[in-house]
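Step one of this worksheet: look at the structure below.
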Amino acid sequence: MASNRGHRLRLEDISHRFGDVLAVRDINLDIAGGELVALLGPSGCGKSTLLRIVSGFIRQSSGRVLFDGEPVDHLPPSRRGAGIVFQNYALFPHMTVAENVAYGLKAQKWARRRIAPRVAEMLALVHMSEFTGRKPRQLSGGQQQRVALARCLATDPKVLLLDEPFGALDKNLRLDMQIEVKRLQREYGITTILVTHDQEEALSMADRIAVMARGSIEQVSSPTEIYDRPKTLFVNQFVGSANVIAGEFMRAQDGVAAVRVGEGALLKVEETPQLAAGAPVLVSVRPEQLRLNAAPGEGCIAGVVKAVMPLGPHVVYEVETQSGTSLKVSEPRAPATPLRRPGESVHVAAPAAACRVFPKP
8 MASNRGHRLR LEDISHRFGD VLAVRDINLD IAGGELVALL GPSGCGKSTL
58 LRIVSGFIRQ SSGRVLFDGE PVDHLPPSRR GAGIVFQNYA LFPHMTVAEN
108 VAYGLKAQKW ARRRIAPRVA EMLALVHMSE FTGRKPRQLS GGQQQRVALA
158 RCLATDPKVL LLDEPFGALD KNLRLDMQIE VKRLQREYGI TTILVTHDQE
208 EALSMADRIA VMARGSIEQV SSPTEIYDRP KTLFVNQFVG SANVIAGEFM
258 RAQDGVAAVR VGEGALLKVE ETPQLAAGAP VLVSVRPEQL RLNAAPGEGC
308 IAGVVKAVMP LGPHVVYEVE TQSGTSLKVS EPRAPATPLR RPGESVHVAA
358 PAAACRVFPK P
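And the structure:
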């Protein structure tokens with residue numbers, strides 16, 4: 008197996024315009040050798056444009072792309088050392104699996120005697136050795152994606168770029184391929200950027216996630232940090248499911264703030280921003296961090312169960328508060344414990360450590 012792996016990638020002050028539209032704005036990002044970083048965001052946020060800037064298909068309006076500390080902006084895609092895999096696989100339909108994998112090697116003028124062993128090595132890596140003579144139309148979507156990965160890795164790229172690579176696959180196959188690509192990335196040790204709009208995909212695969220919105224990076228951190236401690240309201244609402252409750256900032260003392268919400272309840276919140284008393288805020292808490300109690304208590308919001316949704320090992324309750332706010336509560340489902348019923352009065356407990364507060368836009 009090749010040893011050309013673990014290259015560092017740096018993006019310095021990258022911006023790009025399409026006419027009057029600023030598609031990418033002041034991007035700074037360092038990716039360590041062998042790291043998998045996901046660019047996560049909604050359609051049109053600039054993540055695919057950024058990927059094409061790294062690959063060399065788009066020349067940015069300003070800023071620099073560096074591999075191992077050396078600028079590569081002057082190099083064409085064929086000489087930059089970035090391998091890219093697209094959602095539609097981009098396999099040549101008239102070529103066999105082996106011929107598709109060999110294509111890049113021939114384009115790079117590899118010696119003929121080295122090509123066949125390299126093709127065999129790459130197909131073994133992706134568990135496709137028995138399909139060498141088949142055409143792409145004879146393969147499933149997952150198999151075609153494996154061949155596309157083998158073709159990309161065969162040329163020993165410095166950086167692997169994955170542009171929504173699982174978007175064309177059904178849910179079960181998508182999960183299988185996510186596991187497979189993560190295995191390959193770890194085994195091969197290649198620096199990787201994954202572009203996706205799928206939160207679960209980014210959370211499960213990436214070492215770090217860069218959440219993008221409107222051409223900028225909102226937050227870069229580990230998946231657990233992104234999920235548990237989002238820095239902006241956008242990150243909080245885009246990554247995972249969150250209940251958002253309007254309230255009024257009351258006071259902060261010893262790292263714990265008090266927020267009065269529309270239901271009249273006083274919620275305690277940890278890790279609060281600097282806000283003036285009376286400032287309008289939004290309190291966010293994940294459904295799985297809430298609990299339903301029969302009796303009132305500190306940090307509880309009164310409400311009525313409106314819907315009950317058993318989901319295997321968990322049950323999701325929709326609770327309507329006295330002010331009309333709808334809250335989702337996800338609890339573990341114990342077989343011996345009866346489910347709550349629609350119309351039942353409950354009190355939703357929101358622990359201080361689970362609550363996040365953001366200034367109201």
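Take the sequence shown: its letters are residues 8 to 368, numbered as in the numbering used here. Glycine included, C-beta positions come from ideal geometry on N, C-alpha and C. A quick note: this is a predicted structure, and the numbers were derived from the prediction, not measured.
Query: Measure the C-alpha to C-alpha separation of alanine 97 and alanine 155 and round it to an integer number of angstroms.; Result: 7 Å
Query: For the alpha helix (DSSP H) holding serine 62, just list the boundary residues, first then last.; Result: 54 to 62
Query: Count the other CB atoms within 10 Å of the CB of methionine 316; is the residue buried (16 or more) or exposed (fewer)?; Result: exposed
Query: Helix, strand or coil for proline 143, going by three-state DSSP, please let me know.; Result: helix
Query: What does DSSP give as the partner residues of valine 322 in its beta bridges?; Result: Pro317 and Glu338
Query: May I ask you to list the residues that DSSP assigns as paired with phenylalanine 365?; Result: Leu289
Query: Which parts of the stretch 223 to 286 are runs of the beta strand (DSSP E), unbroken and 3 residues or longer, counting only runs that do not cross its ends?; Result: 223 to 228, 250 to 260, 263 to 268 and 273 to 277
Query: Which runs of the alpha helix (DSSP H) fall wholly inside the stretch 75 to 121 and span at least 4 residues, in chain order?; Result: 84 to 87 and 104 to 114
Query: Pick helix, strand or coil for isoleucine 65, following the three-state DSSP scheme.; Result: coil
Query: If you compare alpha carbons, which of Ile60, Gln115, Ala259 and Ser211 is closest to leucine 43?; Result: Ser211
Query: Taking the alpha-carbon of valine 242 as reference, which of Arg86, Arg125, Ala309 and Val227 has the nearest alpha-carbon?; Result: Val227
Query: For glycine 41, I'd like the list of residues in its chain whose CB is within less than 8 Å of its CB, leaving aside the five on either flank, ordered along the chain.; Result: Arg12, Gly13, Gly196, Ile197 and Thr198
Query: For glycine 262, collect the residues of the same chain with a Cβ closer than 7 Å to its Cβ; drop the 5 residues on either side in sequence, then sort them by chain order.; Result: Glu277
Query: Where do the N-terminal and C-terminal ends of the beta strand (DSSP E) with serine 22 fall, by residue?; Result: 16 to 25
Query: Just verifying my parser: in three-state terms, what is the DSSP assignment at leucine 182?; Result: helix
Query: Alpha carbon to alpha carbon, how far is leucine 346 from histidine 321? Give it in angstroms, no decimals.; Result: 11 Å
Query: How about threonine 328 and isoleucine 308: are their beta carbons less than 8 Å apart?; Result: yes
Query: Go ahead and pull the three-state DSSP assignment for glutamate 128.; Result: helix
Query: Once the 5 residues before and after threonine 203 are set aside, which same chain residues still bring their CB inside 7 Å of it?; Result: Ala45, Leu47, Glu171 and Ala209
Query: Grouping DSSP H, G and I as helix and E and B as strand, with all else coil, what is glycine 13?; Result: coil
Query: Taking the alpha helix (DSSP H) that serine 211 falls in, what are its first and last residues?; Result: 206 to 212
Query: Within 8 Å, do at least three Cβ pairs link the stretch 266 to 275 to the stretch 247 to 258?; Result: yes
Query: So, with DSSP's three-state summary, where would you put leucine 36?; Result: strand
Query: Along the chain, where does the alpha helix (DSSP H) that runs through leucine 160 open and close?; Result: 148 to 161
Query: Assign alanine 175 to one of three DSSP states: helix, strand, or coil.; Result: coil
Query: Mind checking whether asparagine 250 and serine 223 have CB atoms under 8 Å apart?; Result: no
Query: What separation, rounded to the nearest whole angstrom, lies between the Cα atoms of alanine 272 and aspartate 80?; Result: 56 Å
Query: Along the chain, where does the beta strand (DSSP E) containing threonine 203 start, and where does it finish?; Result: 198 to 203
Query: Take isoleucine 122 and list the residues in its own chain whose beta-carbon comes closer than 6 Å to its own, dropping the five residues that flank it on each side.; Result: Ala109 and Leu112
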